[in-house]
Amino acid sequence: MPELPEVEVVRRGVGQWATQRVISQVEVRHARAVRRQEAELSAVLVGRTFVCASRRGKYLWLPLDDGDQCLVVHLGMSGQLLMQLAEQADELHLRVRFAFADDGPQLRFVDQRTFGSVTTDVLVSDGLEGQIPRAIQHIARDPLDPAFDDELFIARLRKKDSEIKRLLLDQSLISGIGNIYADESLWRSRIHSTRAASSVSKSKVRSLLADVRAVMTEALAQGGTSFDSLYVNVNGESGYFSRALNAYGREGEPCNRCSTPIRRSRFMNRSSFYCPRCQRV
DNA sequence: CATAGATCCTGTATGC
DNA sequence: TGCATACAGGATCTAT
26 MPELPEVEVV RRGVGQWATQ RVISQVEVRH ARAVRRQEAE LSAVLVGRTF VCASRRGKYL
86 WLPLDDGDQC LVVHLGMSGQ LLMQLAEQAD ELHLRVRFAF ADDGPQLRFV DQRTFGSVTT
146 DVLVSDGLEG QIPRAIQHIA RDPLDPAFDD ELFIARLRKK DSEIKRLLLD QSLISGIGNI
206 YADESLWRSR IHSTRAASSV SKSKVRSLLA DVRAVMTEAL AQGGTSFDSL YVNVNGESGY
266 FSRALNAYGR EGEPCNRCST PIRRSRFMNR SSFYCPRCQR V
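When we follow our numbering, the leftmost residue of the first sequence carries the number 26, and every step to the right adds one.
Take a look at the structure:
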């Protein structure tokens with residue numbers, strides 16, 4: 026379940042190992058993974074190099090040395106970007122293979138549930154000094170982006186007629202937050218997931234934003250520890266998941282603040298974990 | 001337009 | 001043991 030911190034770990038790995046190398050071959054093993062771009066992917070990429078790795082929220086993109094195109098990657102729920110030696114056997118769920126002219130480690134997109142995607146796109150202005158793939162212009166800046174506008178976010182959120190968790194998951198309002206970090210942030214801020222966003226004070230939203238950043242920053246630090254030079258780890262479970270979670274996945278376990286058993290409820294077709302005492306509706 | 005809900009997908013876990 | 005069902009959930013599409 027890669028959210029912002031996990032995707033950032035992947036970005037760093039790919040940026041280090043898959044850039045500045047001439048792409049020699051693109052092999053598509055699953056049409057869904059490339060959104061019907063099978064022929065286009067090779068045509069755009071072969072002979073080019075990725076110049077760097079960028080990210081906004083949960084989206085990654087690798088700008089090409091042609092100056093205006095890029096490879097856009099979304100990991101979905103189970104996607105991984107791995108650096109693997111050519112002689113390494115194909116993964117069971119290998120969807121796309123990118124080989125390089127130097128015959129060094131390949132970049133492989135592996136995705137069990139096929140919610141992820143790898144596509145090409147053109148870069149357009151992001152409204153400031155940067156660029157963004159055209160297809161993800163609607164994705165809001167994420168809370169770790171220096172250009173994220175706190176006050177604008179707070180105002181937009183409070184004007185909505187919806188529940189606070191639903192809005193935290195709305196990638197056009199704030200990006201990078203998924204089910205796990207939404208629950209963790211709300212637990213820290215002592216806000217119930219179904220609370221009407223319009224009823225949360227400005228200062229409370231401001232502290233919620235601080236908690237979102239804190240939990241993501243901590244998770245990112247943990248993710249960094251499981252990073253291996255040739256294996257770009259998307260998992261993150263080893264370090265962060267086992268130790269630092271206060272709400273997510275802890276149904277029945279005592280709240281780390283007040284010892285009340287954590288509760289689980291169904292919401293938006295998924296689980297929400299919360300402390301019934303700390304987080305009142 | 002805004003919001004709510006269904007849907008896609010497959011491996012793993014659980015229930016009978 | 002075996003089969004059926006529930007579950008995980010990000011983004012997109014459809015319905016209201």
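Glycine included, C-beta positions come from ideal geometry on N, C-alpha and C. Just so we're clear, the structure is a prediction, and the values are computed from it rather than from any experiment.
Which residue marks the beginning of the alpha helix (DSSP H) containing residue i, and which one marks its end?
i: P30; result: 29–42
i: R213; result: 204–214
i: V230; result: 227–250
i: S223; result: Run containing S223: none; DSSP gives neither H nor E here.
i: E52; result: Premise fails: E52 lies in the beta strand (DSSP E), 48–53, not in any alpha helix (DSSP H).
i: S67; result: 63–70
Round the Cβ separation of residue i and residue j to the nearest angstrom and send it over; I've been treating them as touching at under 8 Å.
i: E28; j: Y206; result: 5 Å
i: I164; j: Y84; result: 6 Å
Find out if the Cβ-Cβ distance for the pair residue i, residue j is shorter than 7 Å.
i: L96; j: T145; result: yes
i: G40; j: A64; result: no
i: G141; j: G82; result: no
i: V147; j: Q94; result: yes
i: T139; j: R57; result: yes
i: A272; j: I287; result: yes
i: S218; j: L211; result: yes
i: A222; j: L182; result: yes
i: E154; j: V135; result: no
i: M108; j: P130; result: yes
i: R313; j: R54; result: The displayed coordinates of the chain run from 26 to 306. Any statement about residue 313 would go beyond what the structure contains.
i: I179; j: K227; result: yes
i: L66; j: V59; result: yes
i: W12; j: P158; result: For the chain, the structure presents residues 26 to 306; residue 12 sits outside this window and is missing.
i: C303; j: R215; result: yes
i: R289; j: F298; result: yes
i: L177; j: K185; result: no
i: M241; j: P30; result: yes
i: N204; j: R275; result: no
i: R37; j: R80; result: no
i: D90; j: T74; result: yes
i: V143; j: V76; result: no
What residue range is occupied by the uninterrupted beta strand (DSSP E) comprising residue i?
i: R295; result: 295–299
i: F292; result: 288–292
i: S284; result: Segment: none, S284 is in no beta strand (DSSP E) and carries neither H nor E.
i: R81; result: 79–81
Sufficient close CB pairs (3 or more, under 8 Å) joining the region 39–50 to the region 118–128 | Verdict: yes, contact present.
The region 166–185 / the region 228–235 touching (three or more Cβ pairs under 8 Å) = Because the criterion of three Cβ pairs below 8 Å is met, the region 166–185 and the region 228–235 touch.
Return the chain-ordered ranges of every beta strand (DSSP E) run that is complete within the region 84–148 and spans a minimum of 3 residues.
-> Listed in chain order, the beta strand (DSSP E) elements of length 3 or more contained wholly in the region 84–148 are 84–88, 94–99, 104–109, 119–125, 131–136.
What alpha helix (DSSP H) runs, 4 residues minimum, are completely inside the region 159–199?
-> Along the length of the region 159–199, whole alpha helix (DSSP H) runs at least 4 residues long occupy 175–184, 189–193, reported in chain order.
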